[in-house]
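Under full-length UniProt numbering, think of the first position of the sequence shown as 1, with each following residue one higher. Glycine residues also receive a C-beta, built at the ideal position from the N, C-alpha and C atoms. Computed from a predicted model, the values in this text were never measured in an experiment.
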Amino acid sequence: MLYFCEHLEKIKVCHLHVQLDSVPDSSTSLIIFDRKTLTLRHACRSYAITLPASIDVAQRLNLKFAEDTANDTFSVRIKAQSSLMPTDSDANPVPLSDPATLSKSTICCASCQTQLLPSKLRWRSSPSEHWQEMMDSWHCHAGVSHRDNQEHHEQYTLPKHIVHAAQGIVPVPERPFVGLSHFLVHRDDLGESLIQHEELVQCRSCKAPCGTVQEEVVKLYKQAITTNNNESVDALVYFSADLLAQVEAHAVHRFLVTPYGTQAPDQAGLLIWLMTLDMRVTTSSHETARDGQRAIKVLYKTTTLAQIEGQGQTQQEVECIPACLPGLYEHLQESLERHFIQAGRQVTGEWQASYLPRY
């Protein structure tokens, strides 16, 4: 038996999808065991189903199946309480984001564990999207004085460990920045373990792509990085965190994901539409904790740059290491097959529904 359950917070419902080992019959029943658990009885066996939110135990769950049904899947909606399960976003920020912890860690290649950066770097938190936009505006209007009823125009200077250039934020040597999904490192801080191949940076030992380079700035993606602490993290939470930050900064929910440095019209990419930014899901998979997994519900489809240009709709472009794009697509497809299963599969035109893990 497989199941997938999502908490639809706005309508106060837990939407449960179930796939049985055989077609249901008159003995198949669903019983409320407690506020977080259902008991499914089918073919002389009982199964426990964990829910992502507490439910109203006074309600009745009536399952009715046609006598001649050949479908082994079904869905049911269950009244839930109005609040999500407690989230841990404040207590547990996106991994590898604390400068103090990174200063005591060794940055390694996720594929072969080779050390990529020298130790004892002085890490700093990367400026936010809002901060960078303010700097762009400031530099565009350099020399313009806005007194705003003040007698004197106050002059501001950037902190010494930040240089703002045409390509964005440039860290100075030995003072790298840590963002939600990447590290920004000065080229002078690269050790012998990293080599440059055109605009990509690779691990010298295993040739795995680790990041990109533009003039003096090297961007190392957390998806390709691990530390000597060996913290187990789903690499896609970094990708999700970056998308959520752009939603907050630019109020856009559609993203075109393409390999870094490719502008050909026939270049394949993924168009992702964030539908529900914060939800809890539970599945029959052993990977899901009892309290459920925090997730983003998305619609996605494959596309090309030429197709996007002809649609006239707005989306934010997101570049990734070429090797990461197939992994992202495989995750979305696997989540569709394994968790939404046949009963819960949702397709709207060319769009398919899936989800991304998040913190």
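Residue 80 has its alpha-carbon roughly 6 angstroms from the corresponding atom of residue 54. Within the model, the alpha-carbon separation for residue 234 versus residue 297 is close to 17 angstroms.
The straight-line gap separating the alpha-carbon atoms of residue 18 and residue 353 is approximately 17 angstroms. Sequence-distant Cβ neighbours of residue 317 in its own chain, meaning closer than 6 angstroms and more than five residues away, are 256. Annotation for residue 99: 123, 124, 125 and 178 place their beta carbon closer than 7 angstroms to its own, counting only its chain and skipping 5 residues before and after.
Contact between the segment 245-252 and the segment 185-195 is absent: fewer than three C-beta pairs spanning the two stretches fall below 8 angstroms.
Counting along the chain, residue 253 sits inside no alpha helix (DSSP H), nor does DSSP assign it H or E at all. A Cβ-Cβ distance of about 6 angstroms is found for the pair residue 39 and residue 46, placing them in contact under the 8 angstroms criterion. Taking residue 181 as the centre and dropping the five residues before and after it, the same chain places the C-beta of 221, 222, 238, 239, 241 and 242 closer than 7 angstroms to its C-beta, in chain order. When DSSP reads this structure, residue 319 sits in a beta bridge with 258.
Distance from the CA atom of residue 56 to the CA atom of residue 27, rounded to whole angstroms, is 24 angstroms. CA-CA distance, residue 214 to residue 199, rounds to 7 angstroms. Less than 8 angstroms separates the beta-carbon of residue 320 from that of residue 260. Residue range 217-221 is occupied by the beta strand (DSSP E) that includes residue 221, with no alpha helix (DSSP H) assigned at that position. Here residue 206 is not near residue 324, since their CB atoms are 8 angstroms or more apart.
Under the three-state reduction of DSSP output, residue 34 falls in the strand class. Residue 314 and residue 254 have their C-alpha atoms spaced approximately 7 angstroms apart. Here the alpha carbon of residue 3 sits roughly 10 angstroms from the alpha carbon of residue 74.
In the DSSP assignment, residue 329 falls within the alpha helix (DSSP H) that extends over 324-335.
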